[in-house]
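Trainee:
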Amino acid sequence: MAPFEALYRRKYQSPLCWLEGENRAIFGPQLVDETTEKIKVIRERLQIAQNRQKKYYDARHKKMKFSMIGAVAYRLALPPHLEGIHDVFHISMLKRYVPDPSHVIQYNPERMEMRSDLSYKEKPVRILAKDVKRFRNKEIPMVKVLWSNQTEREATWEVEDEMMKSYPELFTEISRTKFLKVGRIVTSR
1 MAPFEALYRR KYQSPLCWLE GENRAIFGPQ LVDETTEKIK VIRERLQIAQ NRQKKYYDAR
61 HKKMKFSMIG AVAYRLALPP HLEGIHDVFH ISMLKRYVPD PSHVIQYNPE RMEMRSDLSY
121 KEKPVRILAK DVKRFRNKEI PMVKVLWSNQ TEREATWEVE DEMMKSYPEL FTEISRTKFL
181 KVGRIVTSR
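Last residue of the sequence shown? That's 189 in the UniProt record's numbering, and every number before it is there in order.
1. Please report how far the alpha carbon of Arg60 lies from the alpha carbon of Pro168, in whole angstroms.
2. Taking Cβ to Cβ, would you say Leu146 is nearer than 7 Å to Val132?
3. Can you give me the C-alpha to C-alpha distance between Arg96 and Asp117, rounded to a whole angstrom?
4. Would you mind sorting Val143 into buried or exposed? The rule is 16 or more other CB atoms within 10 Å of its CB.
5. Considering only residues of the same chain and omitting the five flanking positions on each side of Gly84, which have a CB-CB separation below 7 Å?
6. Relative to the C-alpha of His90, which candidate in Ala155, Gly70 and Pro79 has its C-alpha closest?
7. Could you tell me the distance, in whole angstroms, from the CA atom of Leu31 to the CA atom of Gln50?
8. Less than 7 Å separating the beta-carbons of Glu122 and Ser148?
9. Excluding the 5 residues flanking Leu78 on each side, which residues of the same chain have their C-beta closer than 7 Å to its C-beta?
10. Taking DSSP's pairing of strands, which residues face Thr156 in a bridge?
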């Protein structure tokens, strides 16, 4: 099936003449021969392009095996330490994992308490910056918090009052710190 036919569900209606310029007056067997030659060239070029695209696709995609439950549901063989996680997924949720060293969390028992469900609670390390969020009739003081096991790029803005209630120890050293609008800390001497 031709790509046009697959897309539009009908056969392609070709132009009456494949020839250019002054040769339009050709009729009969000569017209059929020249048109056939043009069609062969087009098919060869299409085949070359399709082979090239197949090569690109095959280089990036490898055959993966899943046990198929339904038309769109797959059961994955998860490692034993993830037995609490449901092992059936919709096909739209699956994608190939590209290994990245930043995805690995170094488990240090002194710095991180691991729960039985393999989750952990982030603890704030320090406050990086202060700012005030201004609305029409309200101002909310915000603080940029660096969390344990995170980089400075992953620091989050939190409401200052809530952080002060939950983590008052962070605010004892703030009195000795001056903040700039840029987000850098300048400590007083």
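Built from N, CA and C at the ideal position, the CB exists for glycine as well.
Mentor: Quick look at the numbers:
1. Going by the C-alpha atoms only, they are around 51 Å apart.
2. No. Outside cutoff.
3. Going by the C-alpha atoms only, they are around 24 Å apart.
4. Val143 is buried by the Cβ-count criterion.
5. Within the same chain, Gly84 has close Cβ partners Asp117.
6. In this structure, Gly70 is the residue among Ala155, Gly70 and Pro79 with its C-alpha nearest to the C-alpha of His90.
7. Straight through space, the alpha carbons of Gln50 and Leu31 are spaced by roughly 28 Å.
8. Ser148 sits close to Glu122, with the two beta carbons spaced by under 7 Å.
9. Result list for Leu78: Ile85 and Asp87, in chain order.
10. DSSP, once it has assigned bridges, lists Val145 as partnering Thr156.
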